[in-house]
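Structure record follows, encoded as structure tokens.
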Amino acid sequence: MNSSGIKVWLEGAIAASFSMALSLIPLDVGIGFSISIGMIPVVIYSFRRGFLPGLASGFIWGLLHILLGKAYILTVSQGLIEYLLAFACAGFAGLYAGKIQTLVKNGETPWMQLLFGVLLGTGIRYIWHFIAGVIFWGQFAAWGLSPVMYSLVINGTNALLTAAATFIVTLLLVKKSPGLVLPK
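Heads up: the sequence shown begins at 21 in my numbering, then just goes up one per residue.
If you want it as structure tokens, here you go:
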């Protein structure tokens, strides 16, 4: 691997570490609802480096949850889905990297592309949390809701809160420092 390749993967590991540090800040909203601000560094890294590096950084972020004992694991398959697969999917935001970088290079603020990228990465991540919620967490459904409805309410709300926070912070950071999304 050449030095530029090492730099890309090192940036990804650093982004995952920042994401993990932010994940340790409790941002609970009511019972079962939370905002995952750890999405911000992985999403910005995905916008900077693209889809595959973004997937890898998200995977590392999920792995860090497990290694640091911050994962809620019922079974091996649930742990794989909710931590390795779901967190890796935050990297789907990187599918918008090229469009975002082009607009930034032209001096424009790519707010629409940032929004779509954040929604894509957050949405796919939380689809996996929803699936795991139905399959593995359904037995704990509250408020008399079915496992499907309970998982939809909890994970849907968490996804919307996380996407909103991630988009707002990412937009502000890119407006202030557009170079964050440009590979160097």
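Every residue, glycine too, gets a C-beta built ideally from N, C-alpha and C.
If you're wondering where the values come from, they're calculated on a predicted model, not measured in any experiment.
Extent of the continuous alpha helix (DSSP H) to which residue i belongs
i                 : result
threonine 142     : 131–155
threonine 95      : That residue, threonine 95, is in no alpha helix (DSSP H); it is neither H nor E in DSSP.
phenylalanine 112 : Counting along the chain, phenylalanine 112 falls outside any alpha helix (DSSP H), and DSSP gives it neither H nor E.
serine 166        : Per DSSP, serine 166 belongs to no alpha helix (DSSP H) and is neither H nor E.
leucine 32        : Leucine is not the amino acid found at residue 32; the sequence shown has glycine there. That run of the alpha helix (DSSP H) goes 23–43.
glycine 12        : What the structure shows of the chain is the stretch from 21 to 204, and residue 12 is not part of that stretch, so it cannot be assessed.
serine 66         : 59–69
Residue closest to residue i, alpha-carbon to alpha-carbon, out of the options
i              : options                           : result
leucine 181    : Phe107, Phe71, Gly118 and Tyr146  : Tyr146
lysine 195     : Ile45, Ile144 and Ile120          : Ile120
valine 62      : Thr190, Leu47, Gly89 and Gly176   : Thr190
methionine 59  : Ile188, Ser166, Thr142 and His149 : Thr142
asparagine 178 : Thr122, Pro203, Pro198 and Phe150 : Phe150
serine 39      : Lys90, Leu192, Gly199 and Pro203  : Lys90
alanine 41     : Asn126, Gly82 and Gly99           : Gly82
isoleucine 55  : Leu165, Gly199, Phe187 and Met169 : Phe187
serine 43      : Ser197, Ile57 and Gly70           : Ile57
arginine 69    : Ile144, Gly118, Gly176 and Gly158 : Gly118
valine 201     : Ile51, Val49, Thr122 and Pro167   : Thr122
serine 37      : Phe79, Thr95, Ile144 and Glu128   : Phe79
alanine 108    : Met169, His85 and Lys125          : His85
isoleucine 144 : Leu115, Met169 and Ser197         : Leu115
Residue i, buried or exposed, once every other Cβ within 10 Å from all chains shown has been counted against 16
i                 : result
glycine 25        : exposed
phenylalanine 160 : exposed
leucine 87        : exposed
tyrosine 103      : buried
serine 171        : buried
valine 28         : buried
alanine 113       : buried
leucine 72        : exposed
leucine 140       : buried
leucine 30        : exposed
glycine 205       : Residue 205 is absent from the structure shown; the chain starts at 21 and stops at 204.
alanine 184       : exposed
isoleucine 174    : buried
valine 124        : buried
Beta-carbon separation (whole angstroms), residue i vs residue j, contact threshold 8 Å
i                : j              : result
alanine 110      : glycine 74     : 7 Å
phenylalanine 67 : glycine 137    : 6 Å
serine 77        : alanine 35     : 5 Å
isoleucine 64    : leucine 193    : 7 Å
tryptophan 148   : isoleucine 101 : 6 Å
glycine 158      : proline 167    : 3 Å
Do three or more CB pairs link the region 142–161 to the region 125–134 at distances below 8 Å?
no
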